[in-house]
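Down below is the structure, laid out as structure tokens.
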Amino acid sequence: MDFILNFWVELGAWAQDVLFGWGLPVWAVNLISDFVGVLILLVIGVMAVLIFTPMERKVIARMQDRPGPNRVWPYGLLQALADAIKMLTKEDITPRHADRALHMLAPLIVAIPALLVYAVLPWGPNIIGKDLNVGVLYIVAIGAFHVIALIIAGWGSKNKYSLLSAFRVVNQLLAYEIPMVFCILSVILFSKTMSTQGIVEAQTIPYFVVMPVAGMIFLICAMAEANRSPVDLLEADSEMVAGYMIEYSGMKFAMFFIAEYVNMFAAAIIISTLFLGGYKFFGLENLAPVLTPVIVFCKAAFVIFCMLWFRATFPRVRFDHLIGFAWKFLVPLAMVNLLLSALVVKIPVENARVEPWVQGAVMLVGNLIVIVVTGFILNRSARGLEDAPALKRIVAVER
Amino acid sequence: MLSDYNFIGVFVVVACIFPFVALGLAWLLRPKKPNQVKTDTYECGLQTIGETWVQFRAQYYIFALVFVVFDIEAVFLFPWAVAYDALPLWALAEAFLFLGILTVGLVYAWRKDALRWQ
């Protein structure tokens, strides 16, 4: 019974015992188990593409009141596999004006940072690639490498659209990294650790309930970082065709595609780890630890569904609005939220420890106050906009 | 502790091999028939006019500078956040001071219209 409940951990221990049984030295066993773990995580990452492309196309289609892909057996669920075979057999074209070395380098390195993030994402108690003590910092640091690959792709293609896109990469991805880091900092203040598993263990109440402001900011920033519509200004179809991947075809294009979906799935798991309680689900994780990867997957799928919902609901934003929104709204709000968390964590505790739920309740009340005040300020500045002469003229013409 | 990074090292090696495998497989399977028209730069069916590799506009550098300031700040705040529970109450005042100085910088950039995209 214990074996079934703890299936994943027991399986790992059993496999290591078998390897030791063959008389291998310790370092060899460690190397082999590391290698197998890496392969499993890699397969999970690439499988995300096969699972979430059909999901995205089906969900978006249903929201737009059309059937979506339905030819490839059954309900078009194998569409992604058909796409993969098509990509493999497509001709690969390198424009003759392009910088050949850079044009080749970008698809080689674009997927690496996206995959490396999976090393620290927790799938259950002790079901994790490696529980680094600086896990969250590792995620932020590795995630930043993504920018370099996109700039190389945009510059190396020697195409005007892709160069414009490279310019936008610099601005958008950098701007949205700041509020994201501040939200992570307020989570760390509460959990008192940077290890991803420690953060999940520290969440008696999911942090999204405790600090909805940080959760929402993080969701928006994760969408901008993963380059999802409505904030996909880097590859906006209507403005610059496909942005940095315009000159790529066949498998090279597929590498960018894989990187995007691997990134999105990783972002969804990070959100569910930091804010939705990770592998915890009302005590189910103690009852049946074998189900924890399923819980994480379901939460991540829910987050991705919300992202698709955003995509189907909102039109694409304008670029100056996007930049202004990050620097003038999200950064100050995230800073206020960080200071609020610091206050709540410190003030009531000098000698006596307070219960976590009291702390959570105080934080929630503080967050609600922040939301109300923010709404008030936005309302006032919006009224200021109405007085702007240009807008007045437009309103007058419309009347 | 340091042996934790063996796993990351193995992961880096495997993740670097993965794109080579994928692109190599495609290289074996795909047709190779480039011609003059195919290898043209994509410009919606028109000839490209003028220099493509233009200079970055100066405004990108302003945003990049603001970003560097805030990113370094974040690097300083990570250890502060982890050790926060063990620090005396003074750490809170320090954080307020630190973020206050940066807020002044942000307000300055804002008032100088550096944050408006033109």
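Protein chains in written order, with our numbering: chain W, 5 to 403; chain U, -4 to 113.
Just so it is clear, CB atoms sit at the ideal spot from N, CA and C, and this is done for glycine as well.
Small disclaimer: the values here were computed from a predicted structure and weren't measured.
Asked                                                                                                                                                                          : Found
May I ask whether a heavy atom of the ligand HEM can be found less than 7 angstroms away from the beta carbon of Ile44(W)?                                                     : For the structure depicted, the ligand HEM is absent and the ligand set is empty, with no information on it obtainable.
Can you tell me whether Ala218(W) is buried or exposed, with buried defined as 16 or more other CB within 10 angstroms of its CB?                                              : buried
In chain order, what residues of the same chain lie with their CB nearer than 7 angstroms to the CB of Val235(W), ignoring the 5 residues before and after it?                 : Met227, Ala228, Val321, Leu326
Please report the distance separating the alpha-carbon of Tyr103(U) from that of Asp324(W).                                                                                    : 19 angstroms
So, with DSSP's three-state summary, where would you put Gly281(W)?                                                                                                            : coil
Taking Asp108(U) as the query, report the chain W residues whose CB atoms sit under 9 angstroms from its CB, ordered along the chain.                                          : The premise fails here: Asp108(U) is roughly 11 angstroms from chain W at the closest Cβ pair, so nothing lies under 9 angstroms.
Hey, how far is the Cα of Glu68(U) from the Cα of Ile44(W)?                                                                                                                    : 36 angstroms
Considering only the alpha carbon of each residue, which of Ile132(W), Ser190(W), Ala148(W), Lys90(W) lies closest to Leu344(W)?                                               : Ser190(W)
What are the partner residues of Ile131(W), as DSSP defines its beta bridges?                                                                                                  : Gly128(W)
Taking C-beta pairs closer than 7 angstroms, name the residues in chain U that Ala123(W) reaches, listed in chain order.                                                       : Phe2, Ile3, Phe6
For Asp135(W), I'd like the list of residues in its chain whose CB is within less than 6 angstroms of its CB, leaving aside the five on either flank, ordered along the chain. : Ser199, Gln201
Anything in chain W within Cβ reach of Leu20(U), meaning under 8 angstroms, just list it in chain order.                                                                       : Leu92, Met255
Using only the alpha-carbon positions, how far apart do Val335(W) and Phe65(U) sit?                                                                                            : 10 angstroms
From which residue to which residue does the alpha helix (DSSP H) around Trp31(W) run?                                                                                         : 30 to 67
Taking three-plus beta-carbon pairs below 8 angstroms as touching, is the region 96 to 106 of chain W in contact with the region 150 to 170 of chain W?                        : yes
Can you tell me whether Ser385(W) is buried or exposed, with buried defined as 16 or more other CB within 10 angstroms of its CB?                                              : exposed
Are the CB atoms of Met215(W) and Asn371(W) within a distance shorter than 8 angstroms?                                                                                        : yes
Am I right that Asn231(W) and Tyr55(U) are in contact with their C-beta atoms under 8 angstroms? What's the rounded C-beta distance?                                           : Contact doesn't hold; Cβ gap of about 18 angstroms is too wide.
Which chain U residues are close to Ile327(W), counting only those with a beta carbon under 9 angstroms from its beta carbon?                                                  : Phe58, Leu110, Arg111, Trp112
Please return the same chain residues whose Cβ sits closer than 6 angstroms to the Cβ of Phe285(W), not counting the five positions on each side in sequence.                  : Ile299
Of all the CB atoms in chain W, is at least one closer than 8 angstroms to the CB of Tyr79(U)?                                                                                 : yes
The alpha helix (DSSP H) with Asn3(W) in it runs from where to where?                                                                                                          : Residue numbering for chain W in the displayed model covers 5 to 403; residue 3(W) lies beyond these limits and cannot be assessed.
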